[in-house]
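As they're listed, the protein sequences go chains A and B.
Every letter in the first sequence is one number past the one before it in this note's numbering, and letter 33, counting from 1, is 33.
To convert, count from 1 in the second sequence and add 1000; that's this note's numbering.
Virtual Cβ for every residue (Gly too), placed ideally from N, Cα, C.
Read the structure below first, then the notes.
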Amino acid sequence: MEKRKGFLSNRIVLKGWQKLLIILGCTVIAALGAWVYCEKIATPVYVTTVRTQLHIEDIETLMTSSDPTLTTEVLDIPGGLRNEIGEVGSKGKGDYYRYISDEINEATGERLKPKELKAMINISTDPADGTNQTVLIAVKNSDPEKLRMITDAAVRQFGVIIFGAEADSGQVAVTESADESGEKLTVAYRLTDEAAAKLPSQFKGKTLNLVTPMENALADDDFCERIALTAGISAKAADIRKRVVLSTTADSAVMTLTAAWNDPESAQKLATAAGTEFANRLFGGEAQPWQAATDEPVTVSENVKEWPITAVIVTIAALIALIVSYALFSQQPLFDTMVVVFFIVFTFICVFPFYYLFINTISDNNLVAGGQINFVPKGIHLMNYDRILGKNADGTFKNQDVINALKVTLARTLLGTALMVLTSAWAGYLVTKRKMWHRSFWYRALVITMYFNAGLIPWYTNMLMLGLTGNFLAYILPGMVAPYNIILVKTYIESIPGSLEESAIIDGASTYKVFLRIILPLSVPILATIAIFGAVGNWNSFQDSLLLMSSAPNLYTLQHRLYVYLNQTTSINTEQISEQMAQNLMNTGVTTKYTIAMITIIPILLVYPIMQRYFVKGIMLGAVKG
Amino acid sequence: MEKTAGKRPVRVDQSRPEQISLWALRIIILLVVLMVFFPPFNPGRISSKISGNLTLLTSATSFSTITTKLSAYMVENSRRFALRAGDLQQSMLGCLMILGGTLAAGAGACISLGNRKMRRIGAWFPIAGAALILGGLAVNRVAYGNIVDFIHSMGEEFAADHLADIDPQWPQFAYSAWTAGGILMLAVSMAVLYFSYSRKCADPKPAMDEKYRLFIMFLPVLILSFIFAYLPIYGWRYAFYDAKAGDELTKDIFVGFDNFTMLVNDPGFSSKILQVLRNTLIMSGLGIATSWLPIAFAILLAEVRSTKFQRTVQTLTTIPNFLSWVLVYAVALSIFAADGLINNLQSMLTASGFVRTDYLASADGVWIKMLLWGTWKGLGWSAIIYVAGIAGIDQQLYEAAKVDGANRFRCIWHITVPGLIPTYMVMLLMSIAGILSNGMEQYLVFSNPYNGDYIQVLDLYVYNLGIGNNQLSVSTVIGILKSLIAVVLLFGANGISKAVRGESII
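Now the structure itself:
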């Protein structure tokens, strides 16, 4: 390649060390400038953040208020049902339990009293469905036959009450789950959006929704100034708006107020004042103590230094100066420099998340919960790993779930990959023998399975039929025959000179001996490649564990176990949790998730350099065929 | 003696009847072996409480699967005790014997491909197998009798009340099939034995033609492939019934093609499927639209002068490819969740008391986000193929172009890109053939109540419908249609490839 011409190439010729010096010099100057600005010139702001809660006690006044922004309409099927059913034992329309009793009586002749049925059946809205369209019908009975009957009747009669006739499959989706003792069945009865929209109004209720009033309040300058006045702080409305945050869940009567100010006392006064003023605003005047009350404020973070946005701008400017200086003085065209910068950025994006995960698992958990660990680890410890992988004083593992998953995945990776490689090698070798009876037919029968997939559900029912659910063999047996790998091995073996085989056969070696002594050793490169891809595939396996192992949680793979942990406590922004619970969750939830994720990633990262060699080779070999 | 004139040795040493009986035996044994895998032929189903979807294979090997619904009645002290574990175990033993007999018969079928000496030995295997099968059937029958007797031995009133609990049921069809199979096998293998002794045997030792020997060595692989790749097609029968998991597929719930027409006629379903198809096609389409990115990545990487830099970039950017999507989701959580990196940085910069937002819990730009995650994960890896391709382009082309005065970009456009186009075409065609198969894992881990309508692709929908909502029939129907369309697309793409490039891609 010719030497490319840079901006300065004709004017100044610099030696290598001179270029390096200039670049270093620019970097140091820019960094120094940024530091000086942040530390000395810009006024540092130290902020204390305080959190408190406002409890609305007098909900009725708000619910019956004429202000439409205070309430939203929401589905309340159990509530509507209660109105429909009336008191148990009263004669009238829609006595739900009586209908169930009648139905069971018709079917079996047994007479169960409506009062008894009411004790066994519990109807509630499923909290997991935010739209309230799913109702949970839970039935308890120790006799499995009766349990089945009562549940079926309860679901049927429920449909009759809601829809006036049998609900058809387009309107509802019914899922059933039993608990371990076999004495309780819960049916999730989910209405489609259409069916829910058509429900009569008695099933719709109103719920308190303070989101809009809260947004309106903060947008009001008057309101903000009044907060400052009540707190005894002199500040403008815009400052208050910047420093006070109100948040709530959509249907709860508890609001979280967060306030920040330069010193702790002012912050606390501000938080309490915000609560008082908002309550006053809601109740149109002075709110009485029995209508709403504000808790004692709790300090979230004290004297945290706030970074002005200008610091970020200066840092970015320094980076750009660095890039431009590199371009000017390295005698490379700007395009080349941009390309290098692009690759550095992209590689950084690829690698940084793992670094971030890692430092969050080895740093002090409280700092992690406070969101302080972003680039540098602080308070290094290995307690998190010990909590997941370590043993208790009595010798049992602290986290048996993860240890089981680790064992299963390790066993699967070693055993499954070994068997897969052996099978692929053996099959690949046999397929090269032209003498095999109808060789091309059987080969095609094998290869066609790569292109045609019977489907997920048929595969699942097949596994059920074979009895492989909840069975470790389900991880090994299906993976043994991998047509793509067999093709790779076949292509590779065909490139081995046939004379080697022939001379061995003339010497009287059997097929097995030829395979073991000659073919296997020569095929190590391709076998290593498929072994690595197979091992990574086994280590990362998630779908088969998800589908097949619901009855055997101790056979979950590591990825599946990680998935279970990741979904346990997700932090959706409007979740309402108490301060203490939040701290607990953060201390155990987030770091646990990160630690388990790290445990899953670290083996791959460790083996990675060794694997690297075989990748490109593998791609080349695969590309030759495909 | 086998004549060696000509290419194929002519088997004159087998008389016509012998040939016929050998092939008849092999076919019978094949059918008997197949019976092991299909539920209607399960003689171990001696109670209606044993799932009708179990095969003989499971009945012979997995006691826990047999007793899922019966275990409540096997507890000795409880008032519901109506079934002794020993009886069921005896039944299982019978099934095991049948299975063992089938294996012996299978071995016999393989051995029958050898020379006369081998066939003389091998003919005993199916005989022994048939004996085991018939014996196993008898043991199972005895076990059944024991179970019925036991219930009756507890008193007539008890029996009347609790017979329905256990509901013993004689699997007549399966029994007839296995008895017929066993007897036929016995008869024909006796004939084979007779024929194998009917001529003189000049073979010094048992041996087999190489072509059959190789086939038998290959047979286990074929069997595994059959069990896990072809047998699932039997699961398509669910599409013609109205079934949930654990249901027996009886005539009552046979609906024929109703499920298929329901997909089109029922407004609820058809609108949902259209929505799911929209999601699938858009996300596949976005992937195809950005499929040139790996080429650009590879070309740019090749332009960097330092090979060390190239190697490092390649190594590091391929790391995300080796993570599972669950790990990618963990990474996404660590960065974008309410307690993640982005929120941390934002709260450091803006007013304290900043409300943290969970960027993952939204429906905005789901498709773009999925595309970006897919790119992050796959770009480095896909580029490797093209990097290898660029290294394979003849350097003389570049030198000739330089002589003609081409600058760097013209070189790239006129030499490098055309050199990579063949590989790219293959990738593109394969992507188009797989346009409906987005995979499930990526979309499962990222789905949450907020983005469900946008993220649910066809594979995920089939999973949610079939496993989550327990609607096996409808999800099987959708799966069938998807498989068929995928095959059509594949052959279409292959045809295009043949027409345009002259080569096929499969």
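Just the Cα atoms here: how many angstroms apart are residue i and residue j?
i, j, result
"F1218 (chain B)", "M480 (chain A)", "13 Å"
"M255 (chain A)", "L367 (chain A)", "26 Å"
"V1487 (chain B)", "A1130 (chain B)", "42 Å"
"R1141 (chain B)", "I1050 (chain B)", "16 Å"
"P289 (chain A)", "R1278 (chain B)", "54 Å"
"E2 (chain A)", "G1419 (chain B)", "Confidence at E2 (chain A) is low in this model, with a pLDDT of 47, below 50, so its placement is unreliable and the value that follows should be read with caution. Going by the C-alpha atoms only, they are around 22 Å apart."
"L389 (chain A)", "I316 (chain A)", "41 Å"
"T1423 (chain B)", "N1321 (chain B)", "20 Å"
"I1253 (chain B)", "S1078 (chain B)", "35 Å"
"Q576 (chain A)", "F348 (chain A)", "Unreliable placement is indicated for Q576 (chain A), whose pLDDT of 42 sits below 50; no coordinate value is reported for it."
"S1189 (chain B)", "L1137 (chain B)", "19 Å"
"V1304 (chain B)", "Q18 (chain A)", "22 Å"
"G1135 (chain B)", "A1174 (chain B)", "15 Å"
"L270 (chain A)", "F283 (chain A)", "20 Å"
"I1505 (chain B)", "N471 (chain A)", "37 Å"
"M611 (chain A)", "E1210 (chain B)", "39 Å"
"L1224 (chain B)", "F1297 (chain B)", "41 Å"
How far does the alpha helix (DSSP H) with residue i in it reach, from first residue to last?
i, result
"A267 (chain A)", "264-282"
"M1190 (chain B)", "1172-1198"
"L473 (chain A)", "473-480"
"R1278 (chain B)", "1267-1289"
"R241 (chain A)", "237-243"
"Y1230 (chain B)", "Run containing Y1230 (chain B): none; DSSP gives neither H nor E here."
"Y96 (chain A)", "96-108"
Determine the chain A residues that contact residue i at a beta-carbon separation under 7 Å, and present them in chain order.
i, result
"F1322 (chain B)", "V536, I604"
Check whether the Cβ atoms of residue i and residue j lie closer than 8 Å to each other.
i, j, result
"L20 (chain A)", "S1334 (chain B)", "no"
"L120 (chain A)", "N105 (chain A)", "Just to set this straight, residue 120 (chain A) is Met in the shown sequence, not Leu. Cβ atoms of M120 (chain A) and N105 (chain A): not closer than 8 Å."
"S1021 (chain B)", "R1116 (chain B)", "no"
"M1035 (chain B)", "G1181 (chain B)", "yes"
"T413 (chain A)", "A535 (chain A)", "yes"
"M1283 (chain B)", "M1370 (chain B)", "yes"
"L527 (chain A)", "V421 (chain A)", "yes"
"V1474 (chain B)", "L1481 (chain B)", "no"
"Q1014 (chain B)", "K1244 (chain B)", "no"
Apart from the five residues on each side of it in sequence, which residues of its chain come closer than 8 Å, Cβ to Cβ, to residue i?
i, result
"N216 (chain A)", "T69"
"F1063 (chain B)", "L1088, Q1089, M1092"
"A31 (chain A)", "A318"
"A1177 (chain B)", "M1035, F1041"
"V376 (chain A)", "I359"
"I476 (chain A)", "R412, L415, G416, L419"
In chain B, which residues lie less than 8 Å from residue i when you measure between Cβ atoms?
i, result
"E194 (chain A)", "G1268"
"F542 (chain A)", "S1324, W1325, V1326, E1441"
Where do the ends of the beta strand (DSSP E) carrying residue i lie?
i, result
"G1378 (chain B)", "No beta strand (DSSP E) contains G1378 (chain B), which is instead part of the alpha helix (DSSP H) from 1366-1391."
"I123 (chain A)", "121-125"
"I137 (chain A)", "134-140"
"W1023 (chain B)", "It is not in any beta strand (DSSP E) - W1023 (chain B) instead sits in the alpha helix (DSSP H) that spans 1016-1035."
Give the interface partners of residue i over in chain B, defined as CB-CB distance under 7 Å, in chain order.
i, result
"W442 (chain A)", "F1218, L1222"
Among residues of its own chain, excluding the 5 on either side of residue i, which ones have a beta-carbon nearer than 6 Å to its beta-carbon?
i, result
"L1184 (chain B)", "I1028"
"I1216 (chain B)", "C1110"
"V245 (chain A)", "T258"
"T1315 (chain B)", "none"
"Q1442 (chain B)", "W1325"
"P1126 (chain B)", "A1105, G1108, M1185, S1189"
Determine the chain A residues that contact residue i at a beta-carbon separation under 8 Å, and present them in chain order.
i, result
"S1347 (chain B)", "G371"
Using a Cβ-Cβ cutoff of less than 7 Å, which residues in the same chain neighbour residue i once the five nearest sequence positions on both sides are dropped?
i, result
"Y1450 (chain B)", "A1361, S1362, A1363"
"G1122 (chain B)", "G1108, I1111, S1112, G1114"
"M586 (chain A)", "Only weak support is given to the placement of M586 (chain A): the predicted model assigns it a pLDDT of 45, under 50, and the question is left unresolved by the model."
By the criterion of Cβ-Cβ separation under 9 Å, what are the contact partners of residue i in chain A?
i, result
"S1472 (chain B)", "Note that residue 1472 (chain B) corresponds to Leu in the displayed sequence, not to Ser. Chain A residues near L1472 (chain B): I457, Y460, T461."
Does the CB of residue i have a neighbour CB from chain E at under 8 Å?
i, result
"Y614 (chain A)", "You won't find chain E in this structure, because its protein chains are A and B."
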